[in-house]
Structure formats: C-alpha cells, structure tokens
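J.:
Protein chains: 2
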Amino acid sequence: MRDPMETAACVAVGSELLGEQRVDTNSLKVTRTVGRYGVRVVEKRVIGDDEEAIARAIGELAERVDLVVVTGGLGPTADDVTREALARALGVELVDDPEVEGWILERYAEFGRTMPDACRSMAKVLPGGRTLRNPRGTAPGVLVEHRGTLIVLLPGVPWEMEAMLERYLEPVLAERNAGRRRLARTLVLSGVIESEVESRIGGLYRRFGRENITILASMGTVRLILSTTGRPGEAGARLDEMEAAFREVLGDDLAGVDVSGIEEVILQLLRGRDESLAVAESCTGGLVAKRLTGVPGASEVLAGGVVSYSNEIKESLLGVPHELLVEHGAVSPEVARAMAEGVRRRCATGWGLGITGIAGPGGGTETKPVGLVHWAVAGPCGVVARQRVFPGTRETIRGWSANAAMDLLRRCIAGIVSP
Amino acid sequence: MRDPMETAACVAVGSELLGEQRVDTNSLKVTRTVGRYGVRVVEKRVIGDDEEAIARAIGELAERVDLVVVTGGLGPTADDVTREALARALGVELVDDPEVEGWILERYAEFGRTMPDACRSMAKVLPGGRTLRNPRGTAPGVLVEHRGTLIVLLPGVPWEMEAMLERYLEPVLAERNAGRRRLARTLVLSGVIESEVESRIGGLYRRFGRENITILASMGTVRLILSTTGRPGEAGARLDEMEAAFREVLGDDLAGVDVSGIEEVILQLLRGRDESLAVAESCTGGLVAKRLTGVPGASEVLAGGVVSYSNEIKESLLGVPHELLVEHGAVSPEVARAMAEGVRRRCATGWGLGITGIAGPGGGTETKPVGLVHWAVAGPCGVVARQRVFPGTRETIRGWSANAAMDLLRRCIAGIVSP
Chain Y
4 MRDPMETAAC VAVGSELLGE QRVDTNSLKV TRTVGRYGVR VVEKRVIGDD EEAIARAIGE
64 LAERVDLVVV TGGLGPTADD VTREALARAL GVELVDDPEV EGWILERYAE FGRTMPDACR
124 SMAKVLPGGR TLRNPRGTAP GVLVEHRGTL IVLLPGVPWE MEAMLERYLE PVLAERNAGR
184 RRLARTLVLS GVIESEVESR IGGLYRRFGR ENITILASMG TVRLILSTTG RPGEAGARLD
244 EMEAAFREVL GDDLAGVDVS GIEEVILQLL RGRDESLAVA ESCTGGLVAK RLTGVPGASE
304 VLAGGVVSYS NEIKESLLGV PHELLVEHGA VSPEVARAMA EGVRRRCATG WGLGITGIAG
364 PGGGTETKPV GLVHWAVAGP CGVVARQRVF PGTRETIRGW SANAAMDLLR RCIAGIVSP
Chain P
4 MRDPMETAAC VAVGSELLGE QRVDTNSLKV TRTVGRYGVR VVEKRVIGDD EEAIARAIGE
64 LAERVDLVVV TGGLGPTADD VTREALARAL GVELVDDPEV EGWILERYAE FGRTMPDACR
124 SMAKVLPGGR TLRNPRGTAP GVLVEHRGTL IVLLPGVPWE MEAMLERYLE PVLAERNAGR
184 RRLARTLVLS GVIESEVESR IGGLYRRFGR ENITILASMG TVRLILSTTG RPGEAGARLD
244 EMEAAFREVL GDDLAGVDVS GIEEVILQLL RGRDESLAVA ESCTGGLVAK RLTGVPGASE
304 VLAGGVVSYS NEIKESLLGV PHELLVEHGA VSPEVARAMA EGVRRRCATG WGLGITGIAG
364 PGGGTETKPV GLVHWAVAGP CGVVARQRVF PGTRETIRGW SANAAMDLLR RCIAGIVSP
C-alpha cells in the first residue's frame, strides 16, 4: 500500500494575478478540498504566463510535497502555456490526441459554433499522464504521477476548476488517503472581541491542540474553526467532544454553528418563533438589510426596512417625533429607540432594529465624535438600547455597527437580553 | 550609476495564510507601490511559519529578481521566524542591538506597559542590514542588499506594513529608479459586458500595447486600467493621450475615471446638479443603498431608501397601489415603476429608483424565472423601466441587478437616457 499524502502546494498561473487588483482565490477551494483528506497545503505560488517560470515552480515543488495543484493557463490563447510547462518540467513532449480534439469539437458543436484553430493546442496530451475532460468548459486538465508526487493541472475558471477538483482529484485522494479524514466545524461568536475569546479558551488550546483550533476575528464577530484528523468515525466523535467543551466556555456568546454569519442565526431564531423583523438604518445605510436579505429565504421573516439618512425620512417614514430630533439630535439613544419602535410599528412586525451614528470621515463633533453609534431593539416586551464609539474608517465603523446591532437583536430574540 | 530595478517578488509569511479562509492581500499594496517606479512583480509566494522554508524561498527568489519583499513573521512569538530565516539565507548570525531594544521599550512605555521578555527577540539585527523602526507598532523591519538584490522584511499587519513601505522602500525605489515612473488611470464603465468592450478596443490594444491595458469585469461593470511607464512628464502626457483615445471609443458607456465605482459617479452627478435621490429595493434588499452610502458625503444627496421586501411595505411605505400588486404581481414593470415613483414622492427627492425581482434560489416560476429583475428610474420628466433575466446565484443576481439599476440611474441623471 502507498503512503498517505501529507502535503500539497498550489500554483496559480496568470499574469492578471500578479497585478494590483486580483488575488488568487482558487487555492482556498483547493485547500478546503484536500484538507478534507488530511492533506495540508504548505506553500502557494502565483506565477505569470511564463513557460520557464511555471516549469521551474512545478519542478521545485514536486521535490518537496506529495501533491502539486496548478490552476490556470490551460486555454487556447498564446499565453496559455501551463501544459507545455509541465511537459518541460518532466522532460517530455506533448503529443496531439484526436480523442481529446473530439471532446473539444463536441463542446463547440453543442453551442452551434465551429472550433477555432487555436483550440487545437488544447488537444495536446502529456505522455504518461491522464487527460481530464472538462465537464463545464473546453480546456482539459492533466493528472500525472512523477517520482511519487501527484501533479494536477486544472483550468483557472473557478466554476470549471471546482467541478474537476471534485470529479478527478477527490477520488484519488479518497483512495490514497483512505481512512484519513479531516473534519471541521465553525463556531460563530458575536458581541465579543478576539482577545477576550483567546483568554477564555486558553485551556482548550492545551486540551485539544493549538493546531486544531483557528481563530478569525472581524469587527465584533469571531469565528472559531475546530478541526480533527483521523478515521471518519473517530474524527466525528472527537469533533463533537470539542464542540461540547467550547459551548460550555463560550455560553451565550456562541451565536451559531456552521452558519454563514450572525444574519443567518437571526433569521433562524425568527423562523423558529414565527416572528418577523424590520430594520431602520441611518449610518449603516442598508448594510444590515443587505446582509439579512443575502440569506436565502429571508423574505419569510424579514418584512423590509428603511434607510433613513435624512431627518425628514426619519420623521415621515418612521414617525420619529420632530421634537426628539431637535432636542437630542439624530445621533442619540432617544432617536435610536424611536427608529426601532417606528419601523416595528410602520412595518407591523414583531421586532424592530434601529441604528444611528456617525460613520465619518466628516460630521463628528467634540461631544459626538466620528464612530459614535447608538442602536436599539424594539420587541414585544419593550425597547433596549446600546452605544459605542467604534474605531477606524467609514467602512469599519459601519461594519462594527452592523455586527453590534445584530448581536443585540439576536440576544433579545433569544431571550438572553431582555428590555 | 546602478541599473534600475525591473522585477520584484513578494513572499507572505504566516501559516494562517495557508488555511481555508484567508488569502494574502499585502502583496497587492506592494505591487501598487513598486509598480509606480516601474518595478513589476513576477512571482508571489505564501509560506508557513517555517524557518527553513522561508530561507529557501528568499534564497531562490533573490537569484531571480531585483527586489524581494517579505511580509509577516517579525513579531515576538516563537513562530515568528522570518528574521532568523533571512540570516540563514544569507549565512550570517543575528546579533542583539541595544538601540533597537530601546525602540521597543519606548513603544511599551508609551502605552504604560512593560515589555514582555519575548519581545527581546525583535531586537536582534542582521549584520550588514539596516533595521527599520516601526512607526505604527513594535516589530522592526529589515532592509539589506545581497548580490545586487534588495531584500526587505516588513511586518504582516497591513497598517504597519503600508507605513514602512512608504517610509523606507519608496525612497530607495525613487533613487534607484530615478526618472522611471509608471502611472495608471482607471476607467469605470457600466452597462456593458467585457466581450463588447474587448471588441471595441481592439485597435487601441494595438496602438498602445496590450501590456499597458488591463480589463477587469464584474457583473455589468468593466474597469479598464491604462498604464504607462517612462519619465514622469512623458508618462503623464502619454496617459492623457490614451484616455482621450479610449473616451472616443467608449462614449457614454464610460461612467467615470479614477472613481471607486458607479455609486461615486451617481453621487457626483447629483451633487453637480444639486439634486437628490431615494431608492426602493426589493430583491437587492439594501445592496444599492449600502453601496451608495458607503461613499463619504453620500448624505448630501441621498435622502434614504426603503427595503420593501413584503407587499405590505410596498403599499404602506411606498404607496404602490394594491390592485397593481394583485394584477401584475410584485415582480413586474408596473410595480418597479410604482416603487420608483413612490419612493421619490414619499421621500420628496428629485430622483427615485425602484428594483424588484427574483434573486432565488427559490421563488421562480415558468413565466417569472429566478433571475428576472425589473428596475425603473423616476425623475423630474417621467419614468423609464428596464428588465433582464440575470444568471448565477442569489449573490450574483443581486450584484448584476444593483449595477444595472445604478447604470440606468446614471444615464437618466446625465441625460443620456430620457424617460
């Protein structure tokens, strides 16, 4: 029996990935897929459309890891040279393959078009390698074993790459790493900061191993990714044990497990209680509504919302009393409360959320600085309000505000915080 | 005089950058900065916290490029080993430096804290190298010349990395590549697709060189990045010439130059005309409001908006007639028009935008499939409506919808499309 694969490297090919705008993200998908079979990515590279450079990268990496996954540069244009680069790295010559040309011809025929001559370059195959038919496009991939290292070439288009990863690489991994699985579970926490969580889970790092726990924090949301490696049944039991231990330590700060975010938790809570929600946003300007409506099925519990940027709209659409705005100003706990109550009443929902603040960069004063945000939740039993001065840019202040407001909302709906 | 630097490589150090969630983005900032001096990034790598692997990467890259920028792994913890790796690559030993330790002690004193012992590791310096004081944190950087290649180590925290890039690397680049500048300008197009633009600018690729023109497309927005390299004055004049030639070919599809996006163009148009806007969103659920309010100063022209997810809110907050909803359904040109007119009237603005559609994954029917979206703009002279069936997921359908609706809005405000 062959040894299981332990390590992998990703190479993303394409000069556009070396510019000022784009980063390679295909490697995340590759990391996730190979990770499920206990294979760890130890290096990533991005290389331009340069045959010699690609050949060198493949050669260097093949000596160090068990699996090299190369994405991109398999198309028909002159700057697609990954297939040639692999041949060069292995010291062989590509040969024309009529069967593979047939696949490409078929693809074009399906769309009622004739194959451009340039596409013939995609029908060249690697002697000793396996040519991988592309179920979602034309460019074929390649899979070859070279001195104990598996080398896989996949197209750079994510939609095509993902399908081929699943169809061709996963079966090989499942066979080579039979009985070796890495399982992961994501705990989503809200209303806490990273350092607070870190100090609470110190003992769990020791108990379960630091390498099995990843902590990711972003503007008031913390994600803990728990993982285990082992035989399928064992790994699952171990993960359950980890989750239980973390639940005990995290308490009410744990919003959900394997959810996309706190917005999904809120929608689940509402759905479970057959209740409804409307949101009134000033400084977040639609960010909370956008995040909630990004979850499929949001329309079942979210009636809608109001982006009340101007005071006139706070009065006309939300019924915030004019005197309140004059007396306390738009950024005040009183107005946050009135917004939450107003949107709840006007939209006839069980719950209302109101957010008002100064996102900057302008608009701050000595008593009301940039970053000052008030938020309030109105529910069946009353209203509860909170405030903070958030740090950073317009974007981060809006991000922190949205997360903080949604956290209060989730705690109110779940009965953790009561008005 | 030394030769100008031509090529660079970026190395991002950190095991967290090899996981399933995060990608290195520091290299984008490095690419932008060195690019201004005509230096081209030809390779990027991501390496874990492994001294031998980092040393090998530095060694390999230093033989191939003129500049190697390494970010991350300079902190005080045991897995921060980038400084040691560089010493290993160059075959030297780090030495303690009391002056550098003084910098770090000062930093801690500023915050009224005492320096942990572990921080002493950051006060080790590279013989022959220059130690770079960190103006925004504690971890110092390193700059060293090795056999004609400049090697720079910077902290991984973006906020610190950026300041040090500017303070220490830019002066070196400005001197070494004196008189060599790369200037870039971004043209933002909307309401067009990539292939359409490609075919129109074919002649300009030939005239100005394909390597100076980058095209990036995303859901109905196309960005063209024009760049030139040369002496400062010449490069600027050449860029003006390019822009003029592109303007001629692109016509009204060009929304703006060097703007963050179409939302910024809309706000500029409104501001220039002293007009105001309100938006009514169904399927986009706040995405348009969120994007518009993300631009600083949006509150001057954007009154606000309504996220009318339910039919009740379309009636109560926007005044969409009940019969219209019953007769044509919520996803119809009639309702899109009524939403645009309703939000304009209720918010008392010059312009109103309405969007209604089926973002999926559920909710589609034979006559109204997932992806069908209607949008309308109501302005001083009437209403204009459009529709499309957009492809893809809930996220991409929402993204295409927002861009298409904002494109119609910009064309109406600019007088390109009239009701």
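Order-wise, the sequence lines are chains Y and P. Just add 3 to the spot in the first sequence (first one is 1) and you have our numbering. Just add 3 to the spot in the second sequence (first one is 1) and you have our numbering. Think of the CB as a built atom: it goes at the ideal place given N, C-alpha and C, for glycine as much as any other residue.
(1) Which one or two residues does DSSP pair with residue 359(Y) in a beta bridge?
(2) Measuring alpha carbon to alpha carbon, tell me which of 402(Y), 211(Y), 201(Y) and 15(Y) ends up nearest residue 297(P).
(3) Could you tell me the boundaries of the alpha helix (DSSP H) in which residue 231(Y) lies?
(4) Start and end of the beta strand (DSSP E) containing residue 206(Y)?
(5) How far does the beta strand (DSSP E) with residue 216(Y) in it extend, from its first residue to its last?
(6) DSSP puts residue 47(Y) in a beta bridge; with which residues?
(7) Apart from the five residues just before and just after residue 60(P), which ones in its own chain have a Cβ nearer than 7 angstroms to its Cβ?
(8) Measuring straight from C-alpha to C-alpha, what distance separates residue 334(P) and residue 371(P)?
(9) Taking only beta-carbon atoms, is residue 169(P) less than 8 angstroms away from chain Y?
(10) Please name the residue, chosen from 225(P), 40(P), 317(P) and 310(P), that lies closest to residue 196(P) on a Cα-to-Cα basis.
(11) Any contact between the segment 314-331 of chain P and the segment 387-405 of chain P? By contact I mean 3 or more CB pairs, one from each, below 8 angstroms.
(12) In the DSSP assignment, find the beta strand (DSSP E) that holds residue 165(Y) and state where it starts and stops.
(13) Assign residue 143(Y) to buried or exposed, taking buried as 16 or more other Cβ atoms, counted over all protein chains shown, within 10 Å of its Cβ.
(14) Using a Cβ-Cβ cut-off of 8 angstroms, state whether residue 111(P) counts as contacting chain Y.
(15) Under 9 angstroms Cβ-Cβ, which residues of chain P neighbour residue 350(Y)?
(16) For residue 176(Y), which residues from the same chain have a beta carbon less than 6 angstroms from its beta carbon, with the 5 sequence-adjacent residues on both sides left out?
(17) For residue 50(P), go through chain Y and note every residue whose CB falls closer than 9 angstroms to its CB, in chain order.
(18) Apart from the five residues on each side of it in sequence, which residues of its chain come closer than 7 angstroms, Cβ to Cβ, to residue 417(Y)?
(19) Spatial neighbours of residue 139(P) within its chain, please: CB distance less than 7 angstroms, with the 5 preceding and 5 following residues excluded, ordered by chain position.
(20) Along the segment 367-399 of chain Y, where does the CB come closer than 8 angstroms to a CB of chain P? Name the residues.
(21) If I follow the unbroken alpha helix (DSSP H) through residue 271(Y), where does it start and stop?
(22) Quick check: the Cα distance between residue 365(P) and residue 407(Y), rounded to an integer number of angstroms?
(23) Using three-state DSSP, classify residue 422(Y) as helix, strand or coil.
(24) Hey, out of 294(Y), 252(Y), 320(Y) and 381(Y), whose CA is closest to residue 421(Y)'s CA?
(25) Could you check whether the Cβ of residue 56(P) sits closer than 7 angstroms to any heavy atom belonging to the ligand ATP?
(26) Would residue 280(Y) and residue 306(Y) be called neighbours here (beta carbons separated by less than 8 angstroms)?
(27) Which residues does DSSP list as the beta-bridge partners of residue 106(P)?
(28) Strictly under 8 angstroms for the Cβ-Cβ distance: is residue 35(P) near chain Y by that measure?
(29) Quick one, are the C-beta atoms of residue 212(P) and residue 23(Y) less than 8 angstroms apart?
(30) What residue range is occupied by the uninterrupted alpha helix (DSSP H) comprising residue 37(P)?
(31) Using only alpha-carbon positions, find the residue among 369(Y), 168(Y) and 8(Y) that is nearest to residue 178(Y).
(32) Is the Cβ of residue 359(Y) closer than 8 angstroms to any Cβ of chain P?
(33) Strictly under 8 angstroms for the Cβ-Cβ distance: is residue 24(Y) near chain P by that measure?
(34) Could you check whether the segment 79-95 of chain Y touches the segment 54-71 of chain Y, counting it as contact only if at least three pairs of C-beta atoms, one from each stretch, sit closer than 8 angstroms?
(35) Taking the alpha-carbon positions, what's the residue 85(Y) to residue 193(P) distance?
(36) Using a beta-carbon distance below 8 angstroms, is residue 309(Y) in contact with chain P?
T.: On the basis of the supplied data:
(1) 377(Y)
(2) 402(Y)
(3) Not the alpha helix (DSSP H): residue 231(Y) falls in the beta strand (DSSP E), residues 224-233.
(4) Where residue 206(Y) is concerned, there is no enclosing beta strand (DSSP E), although the alpha helix (DSSP H) it sits in stretches over 205-211.
(5) 216-221
(6) 13(Y) and 49(P)
(7) 14, 48 and 50
(8) 8 angstroms
(9) no
(10) 225(P)
(11) no
(12) Per DSSP, residue 165(Y) belongs to no beta strand (DSSP E); it is in the alpha helix (DSSP H), 161-167.
(13) buried
(14) no
(15) 313, 315, 316, 319 and 320
(16) 40
(17) 45, 46 and 47
(18) 272
(19) 162, 163 and 166
(20) 397 and 398
(21) 265-276
(22) 30 angstroms
(23) coil
(24) 381(Y)
(25) By its list of ligands, the structure shown contains no ligand whatsoever, and the ligand ATP lies outside what it can speak to.
(26) yes
(27) For residue 106(P), which the question treats as bridged, DSSP gives no partner whatsoever.
(28) yes
(29) no
(30) 29-38
(31) 8(Y)
(32) no
(33) yes
(34) yes
(35) 33 angstroms
(36) yes
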